[in-house]
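275 is the number that the numbering used here gives to position 206 of the sequence shown; each next residue is one higher, with no gaps.
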Amino acid sequence: MNDFELKWLAFEITPRCNLNCIHCRTNASMNLKDKLSFEDITNTVDEISKEFKPVVVLTGGEPLLRGDLFDIADFIKSKGMRVGIATNGTLVNEDTAKKIKEHFDVASLSIDGSQSSIHDNFRGVKGAFDATINAASMFKKVGLNFIINSSFTKRNQHDIENTYKLAKKIGAGAWYMFMIVPTGRGEEISDELILKEDYQKILKWHFYMELEEKDIFVRPTCAPEYYALCDMEAKKNNIDFTRRNLKFSTGGAKGCIAGQKIAFIGYDGEVKPCSYFLRSAGNILKNSFVDIWHNSKIFKDMRDFQNYNKKCAACRYINVCGGCRARADAYYGDYMAIDPYCFV
Ligand code: SF4
Ligand code: SF4
70 MNDFELKWLA FEITPRCNLN CIHCRTNASM NLKDKLSFED ITNTVDEISK EFKPVVVLTG
130 GEPLLRGDLF DIADFIKSKG MRVGIATNGT LVNEDTAKKI KEHFDVASLS IDGSQSSIHD
190 NFRGVKGAFD ATINAASMFK KVGLNFIINS SFTKRNQHDI ENTYKLAKKI GAGAWYMFMI
250 VPTGRGEEIS DELILKEDYQ KILKWHFYME LEEKDIFVRP TCAPEYYALC DMEAKKNNID
310 FTRRNLKFST GGAKGCIAGQ KIAFIGYDGE VKPCSYFLRS AGNILKNSFV DIWHNSKIFK
370 DMRDFQNYNK KCAACRYINV CGGCRARADA YYGDYMAIDP YCFV
């Protein structure tokens, strides 16, 4: 099997959004217009399906604002791929939840705090928390699997554990803790980013929480050093640690698999190794996605571990961590540089 097979694709089908999140990578707003037509999207999906069968997650902006959303989902399924939706949940009522269940295999919701005061502050809209909790209960009612994604900065890091408990309580199948990487509106919050010392402490907390957690799947996302930390903690304390597999997994037992097993297509057609990545490797409006995947310099560099910075290339964790290439680029203007948050 090809080591670099596309397993998971995030497809940003609209830049429009009804929220105003402080960390938005897209700078999404209701004033923007869709740039990709139904054909632009489905032609790319069709091309990809001839070589790969990734899980395709439709995201935005808010994907529910697109009138042809369910037709796009049906098209993806007709090509033999599973399809997910990443929504902020504010537009979900019981009828929408039923429709999502009919057309999608999985949904993800974002909850960035255990209370409305924390979440709404982060999301920039009052009432967003209640609406998202309501969406979770609608998904539960119609029997749709859902995942909770939670993003953290200094502003809400004190609430990480409570947010995890909330995700469990409302019946999520998985909880993913995102460590924000500065891009989009996130650049303006770089001084809000969790400190490196705290980053390590949080990952350690996650490791011991994960050891005990038997009901739902948990994973820190965009924290590749977690995989090194798990090994170090397990060895140090003689712990037998085996990770469980997720049904809608990105397919890698490695901290960062950007450009190796996952990719991102932006609302403007730009193709990147992941959604936080600053640079584009090509554009589906001009180039073939499969050609970008195989031949673009950025995607090839992401797989060329021995040409990462010297510390990573010589590191015993290169095959399980690899560092965050987007964070290296945001800090040093070089995506092959050391991850500034590496504590190993
Ligand atoms: S490059 Fe960084 S932000 Fe992108 S998937 Fe990897 S860890 Fe996450
Ligand atoms: S040196 Fe690189 S591969 Fe090793 S732990 Fe640090 S970021 Fe990860």
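In this text, a Cβ means the ideal position worked out from N, Cα and C, and glycines have one as well.
For clarity, every value in this text was computed on a predicted model and none was experimentally measured.
Asked	Found
Buried or exposed (CB count within 10 angstroms, at least 16 for buried), residue 408	buried
Under 5 Å, CB to nearest heavy atom of ligand 2: contacting residues	297, 380, 381, 384, 386, 387, 390, 392, 408, 411, 413
Coarse secondary structure for residue 118, derived from DSSP in three states	helix
Element boundaries [alpha helix (DSSP H), containing residue 288]	Run containing residue 288: none in the alpha helix (DSSP H); it sits in the beta strand (DSSP E), 286 to 290.
Meets three-Cβ-pair contact criterion under 8 Å: the stretch 342 to 360 and the stretch 396 to 406	yes
Rounded C-alpha distance that separates residue 336 from residue 362	18 Å
Minimum length 3: unbroken beta strand (DSSP E) runs contained in the stretch 140 to 221	152 to 156, 175 to 179, 215 to 221
Nearest candidate by alpha-carbon position, reference residue 200, set 218, 216, 178	178
Meets three-Cβ-pair contact criterion under 8 Å: the stretch 369 to 377 and the stretch 113 to 129	no
Residue 187 versus residue 202 - alpha carbon distance	14 Å
Residue 215 vs residue 242 beta-carbon contact at 8 Å	yes
Identity of the residue in 204, 236, 191, 197 nearest residue 222 by Cα	191
Residue 126 vs residue 80 beta-carbon contact at 8 Å	yes
Three-state class that DSSP yields for residue 231 in the structure shown	helix
Neighbour-count burial assignment, residue 383, 16 or more Cβ in a 10 Å radius	exposed
Spatial neighbours of residue 328 in its chain, beta-carbon cut-off 6 Å, leaving aside the 5 residues before and after	342, 368, 371
Residue 396 beta carbon near ligand 1 (any heavy atom closer than 7 Å)	yes
Residue 245: CB within 7 Å of a non-hydrogen atom of ligand 1	no
Residue 410: first and last residue of the uninterrupted beta strand (DSSP E) it sits in	Unbroken run through residue 410: none, as it is neither H nor E.
Residue 239 versus residue 160: straight-line alpha-carbon distance, rounded	18 Å
Between the CA atoms of residue 112 and residue 231 - distance to the nearest angstrom	43 Å
Residue 128 (DSSP reduced to helix, strand or coil)	strand
Range covered by the beta strand (DSSP E) that runs through residue 333	331 to 334
Contacts around residue 376, its chain only, beta-carbon distance under 8 Å, and the 5 residues preceding and following it disregarded	370, 382, 405
Counted within 10 angstroms of its Cβ, other Cβ atoms place residue 354 as buried (16 or more) or exposed	exposed
Closer than 7 Å: residue 233 CB and nearest ligand 1 heavy atom	no
Cβ-Cβ distance between residue 324 and residue 277 below 8 Å	no
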